[in-house]
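Read the structure below first, then the notes.
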Amino acid sequence: MFSILLRVISGVWSAGLFCIPGDTGTVYLTFDDGPGEETTLRLLDILDRYGVKAVFFVIGEKAEKYPELLREIKRRGHTIGNHTWSHSSFMWDREKIRKEILKTDSLIQAITGEKPVFFRPPGVFCSPFWIEEARNLGHIIVFGSVAGLEFEEHLSRIEFLLFLHPGAIVIMHERKSTLSALSFILEKIQERYRTGKPTEFIPRTSSDSLSHDPW
-13 MFSILLRVIS GVWSAGLFCI PGDTGTVYLT FDDGPGEETT LRLLDILDRY GVKAVFFVIG
47 EKAEKYPELL REIKRRGHTI GNHTWSHSSF MWDREKIRKE ILKTDSLIQA ITGEKPVFFR
107 PPGVFCSPFW IEEARNLGHI IVFGSVAGLE FEEHLSRIEF LLFLHPGAIV IMHERKSTLS
167 ALSFILEKIQ ERYRTGKPTE FIPRTSSDSL SHDPW
C-alpha cells in the first residue's frame, strides 16, 4: 500500500525525484535509516552476491556511532546519502533543519572523504523546509516509487511485483525483515531489469526531470 501512497505524494512534492524519467530497463535500490550494527554488513554481503550497488541514506546520529560501517559501504562501491541527523520529520525551525543537513554532510565527508550528493527527507509526511533547505544546499532530493517491501511479507511481495516498473527507485530500510526479503526482491528485479548504479542518473537529472511525475 505504501507504493500507492507514493503515487499521491509525487503530485505534492514536485521538487523530489521519484523515478528516473525515460529509463526503459533499470531499477535503482536505496536503503534508509542505517548504518546498523546488526544489518549493514549483512545487507552488503547480499548485495555483493547479486552484483548490485545501492544508495544508503544514513542518519547522522547512527553514522557517528558506526563510522567503520560508512567506510565499508563506500569500500564496497555503494553511494552514501544524507538522511538527516536525527530523523525528526516534523521539525519546523529552518535554521535547525539546515544545521542538521550540514552536520550530516560534514560527518559523511569526514568519514568517507566525499560530500553526499543525494538527500532523502525523514519521511514523505515531513516539514516542507527539509526539501527547501536541502535544495538550497545543492542536494538532489530522492524519494522513490516502490516501497513497503519489508512489512507484511505476502502482501508486500504481491505489491512489489505489481508496482515495479522501469526506472523505479526502490525504498527499503535497514531492518531484519529486509534481510529476509532481499534475496527474493533482487531475484525478481533481475529477472526483468538491470540494477543500476545510483551515480548513473546524476547527469540525467535536471530541474525538469526532478519534477517529473512517474505515473
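Going by the numbering used here, the sequence shown opens with residue -13, and the numbers climb by one from there. Think of the CB as a built atom: it goes at the ideal place given N, C-alpha and C, for glycine as much as any other residue. Source: prediction; values computed, not measured.
Assigned exposure category for residue i - 16 Cβ within 10 Å defines buried
{"i": "residue 182", "result": "buried"}
{"i": "residue 54", "result": "exposed"}
{"i": "residue 59", "result": "buried"}
{"i": "residue 92", "result": "exposed"}
{"i": "residue 9", "result": "buried"}
{"i": "residue 100", "result": "exposed"}
{"i": "residue 124", "result": "exposed"}
{"i": "residue 147", "result": "exposed"}
{"i": "residue 175", "result": "buried"}
Rounded straight-line distance, which links the Cα of residue j to that of residue i
{"i": "residue 57", "j": "residue 105", "result": "18 Å"}
{"i": "residue 97", "j": "residue 21", "result": "13 Å"}
{"i": "residue 120", "j": "residue 166", "result": "33 Å"}
{"i": "residue 39", "j": "residue 156", "result": "12 Å"}
{"i": "residue 184", "j": "residue 15", "result": "8 Å"}
{"i": "residue 26", "j": "residue 64", "result": "12 Å"}
{"i": "residue 41", "j": "residue 81", "result": "27 Å"}
{"i": "residue 159", "j": "residue 95", "result": "22 Å"}
{"i": "residue 169", "j": "residue 13", "result": "15 Å"}
{"i": "residue 107", "j": "residue 118", "result": "10 Å"}
{"i": "residue 171", "j": "residue 186", "result": "21 Å"}
{"i": "residue 34", "j": "residue 28", "result": "10 Å"}
CA nearest to the CA of residue i, picked from the options
{"i": "residue 77", "options": "112, 55, 66", "result": "112"}
{"i": "residue 122", "options": "12, 129, 103", "result": "103"}
{"i": "residue 70", "options": "34, 63, 109, 40", "result": "109"}
{"i": "residue 2", "options": "172, 9, 127", "result": "127"}
{"i": "residue 164", "options": "133, 148, 149, 153", "result": "133"}
{"i": "residue 44", "options": "168, 66, 75, 23", "result": "66"}
{"i": "residue 173", "options": "28, 30, 5, 36", "result": "36"}
{"i": "residue 24", "options": "161, 49, 178", "result": "161"}
{"i": "residue 52", "options": "19, 34, 83, 75", "result": "19"}
{"i": "residue 7", "options": "94, 178, 153", "result": "153"}
{"i": "residue 225", "options": "124, 84, 177", "result": "Because the chain in this structure spans residues -13 to 201, residue 225 falls outside the shown range and cannot be described."}
{"i": "residue 114", "options": "144, 74, 90, 147", "result": "74"}
{"i": "residue 62", "options": "171, 32, 116, 170", "result": "32"}
{"i": "residue 50", "options": "34, 72, 11", "result": "72"}
{"i": "residue 46", "options": "85, 148, 79", "result": "85"}
Which residues DSSP lists as bridging residue i, in chain order
{"i": "residue 180", "result": "12"}
{"i": "residue 104", "result": "126"}
{"i": "residue 5", "result": "154"}
{"i": "residue 228", "result": "Nothing can be reported for residue 228: it is not among the residues displayed for the chain, which extend from -13 to 201."}
Supposed contact pair residue j and residue i - C-beta distance, whole angstroms, cut 8 Å
{"i": "residue 4", "j": "residue 131", "result": "5 Å"}
{"i": "residue 83", "j": "residue 68", "result": "Between residue 68 and residue 83 the Cβ distance is about 12 Å, and since that is not below 8 Å, they are no contact."}
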